[in-house]
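Novice:
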Amino acid sequence: MKGLVFSEFTNLVDEKFGPEMIEDLIDATAPASGGAYTSVGTYAHQELVNMVVELSARTGVDTSELVRLFGHHLAKVFSTKFAEFFGEVSNTIDFLKQIDNHIHVEVAKLYPDAELPVFSFDDSDSQVFRLNYSSTRGLADLAQGLIEATSDFYQEKFQIERIDSQDGELYQAQFMLRRI
Ligand code: HEM
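So in the working numbering, the last one in the sequence shown is 226, and the numbering has no gaps at all.
(1) Can you tell which of F141, L115, E93, Q144 has its C-alpha closest to the C-alpha of V59?
(2) Spatial neighbours of A74 within its chain, please: C-beta separation below 6 Å, excluding the five flanking residues on both sides.
(3) Tell me, to the nearest whole angstrom, how far the beta carbon of A78 is from that of A90; I am working on the premise that it is less than 8 Å.
(4) The ligand HEM and G133: does the residue's C-beta get closer than 8 Å to at least one heavy atom of that ligand?
(5) Less than 9 Å separating the beta-carbons of Q201 and F221?
(6) In angstroms, rounded to a whole number, what distance separates the CA positions of I149 and F128?
(7) With a floor of 4 residues, list each alpha helix (DSSP H) that falls wholly inside the stretch 131-169, ordered by position along the chain.
(8) Among all the DSSP beta bridges, which residues are the ones paired with M222?
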């Protein structure tokens with residue numbers, strides 16, 4: 047996983063729980079990389095998972111809630127760091143349609159070793175927009191936070207339902223967005 051993700055996780059922990067917390071997480075989880083994350087590096091995904099589990103144990107906040115919160119934080123960062131993607135479309139659904147065939151394609155050019163999920167969508171029902179997430183990393187909570195924060199960005203409100211499933215090592219989630 048890209049160092050950008052790790053450095054933003056560090057920033058979020060600093061912001062929400064204070065600067066000592068991240069040091070405690072690194073001490074407790076003893077990451078093989080040493081924990082000096084730079085945004086251009088690439089690190090084992092498991093190091094992030096271990097820190098989230100440790101943070102949950104120390105704060106009493108569920109891991110899924112922490113990952114969703116991190117999705118909100120990342121979306122805010124992306125909306126300034128990658129503002130052009132947000133400017134190209136004018137609403138949440140058009141933005142979500144662009145992730146797989148445009149946004150993550152550009153991300154992969156920028157970071158050739160990025161490990162990206164696969165998204166597909168179904169917009170055949172005018173009442174509900176379906177977005178399907180699939181990845182071996184099982185970060186549907188991160189996707190949920192990113193979706194929620196994207197709708198905040200475009201100032202739209204949706205009821206979001208989610209059905210998770212697993213097929214061997216592949217984690218899948220179907221998100222159903224209904225305008226409210
Ligand atoms: C401008 C918008 C976006 C940018 C620049 C972006 C960029 C990235 C980057 C850099 C990674 C990390 C890859 C790695 O560390 O190897 C990533 C992963 C991911 N992205 Fe995006 N992304 C964007 C929008 C979204 C949105 C809206 C969603 C959700 C619907 C999403 C879902 C995910 C998920 C869940 C991952 C974690 C990897 C996985 O689950 O396999 N992204 N993205």
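By construction, the Cβ of each residue, glycine as well, lies at the ideal position given by its N, Cα and C atoms.
Specialist: Considering the structure as presented:
(1) L115
(2) E100
(3) 7 Å
(4) no
(5) no
(6) 9 Å
(7) 138-144, 150-156
(8) R176, E207
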